[in-house]
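In my numbering, the protein residues as written are 312 to 462.
A virtual CB, placed ideally from N, CA and C, is assigned to each residue, including glycine.
Remember, predicted model here, so these are calculated numbers, not experimental data.
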Amino acid sequence: MNNFDHYNSRDLPALRQSSRQVKSLLGTLNEFAEHQATAAGYPEGAVVTKTHTYRERSSAAAQRKRTAAFSSGSYPCSGCRVDYLKKLGEGAKSLYQCHHVLPLHDDTEERETKEKDLLVLCANCHQLIHSKLANLKLEKVQKLHRGTSAA
312 MNNFDHYNSR DLPALRQSSR QVKSLLGTLN EFAEHQATAA GYPEGAVVTK THTYRERSSA
372 AAQRKRTAAF SSGSYPCSGC RVDYLKKLGE GAKSLYQCHH VLPLHDDTEE RETKEKDLLV
432 LCANCHQLIH SKLANLKLEK VQKLHRGTSA A
C-alpha cells in the first residue's frame with residue numbers, strides 16, 4: 312500500500328493546493344528568517360548539550376613524542392618541513408600537533424600506541440591530512456609542499 316492509497320483521488324487537487332500553500336509559507340518563513348538574521352546579525356551563543364562517542368587518547372604518548380621532537384631546539388614539521396620552532400621560538404610549540412599514523416577509528420578494540428605510531432605536524436598539515444575534502448596522506452602533503460603532483 313502506498314502512502315497515498317488511503318486518500319480519495321478526488322482529494323488530490325485539494326492536497327496539491329495545500330502542499331503548494333505549505334511550500335509557499337515555508338519559503339516566506341525562510342526569507343523572513345534570512346532578513347532577520349541579516350538585519351540583526353546572526354544568533355549565536357545558545358547553550359546546547361551534545362553527546363558524542365569518541366576514542367580515548369593518551370595525552371602522555373603525544374606529550375612524550377612532542378618532547379622528544381623538540382629536544383634539539385628545532386623541529387621541522389613532518390609534512391611541510393617548516394621549522395616553526397626555529398623561526399618563531401618556544402611559543403611555536405603550540406603550533407605542532409600529534410597525528411596518529413594508524414587511525415584509532417579503524418580499530419574495534421583498545422590498542423597500545425607506540426611513539427613510532429605518532430607524527431608531529433604543524434596544525435596546517437594536520438588539518439590537511441584530516442580534511443575529508445582532500446583525503447590526503449602524509450606523502451601527498453609532502454609532495455604538495457615540494458611542488459610535485461599530489462595525485
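Where residue i falls: helix, strand or coil (DSSP)
i, result
"H363", "coil"
"V412", "coil"
"Y386", "coil"
"C391", "coil"
"L447", "coil"
Among the options, the one whose alpha carbon lies nearest that of residue i
i, options, result
"R368", "L449, L415, T362, S405", "L415"
"A434", "R457, Y353, V452, K425", "V452"
"R366", "E421, K448, S385", "E421"
"A403", "R377, K425, S335", "R377"
"L406", "D418, L326, S389", "S389"
"E423", "L413, E355, L432", "L413"
Buried/exposed call for residue i, threshold 16 Cβ in 10 Å
i, result
"H410", "buried"
"H437", "buried"
"A371", "exposed"
"L432", "buried"
Rounded C-alpha distance that separates residue i from residue j
i, j, result
"A344", "G338", "10 Å"
"D428", "V358", "37 Å"
"K448", "K398", "26 Å"
"G400", "N341", "50 Å"
"Q408", "T362", "25 Å"
"E426", "R375", "8 Å"
"H441", "K334", "39 Å"
"P387", "H346", "48 Å"
"Y395", "S385", "8 Å"
"C391", "H456", "6 Å"
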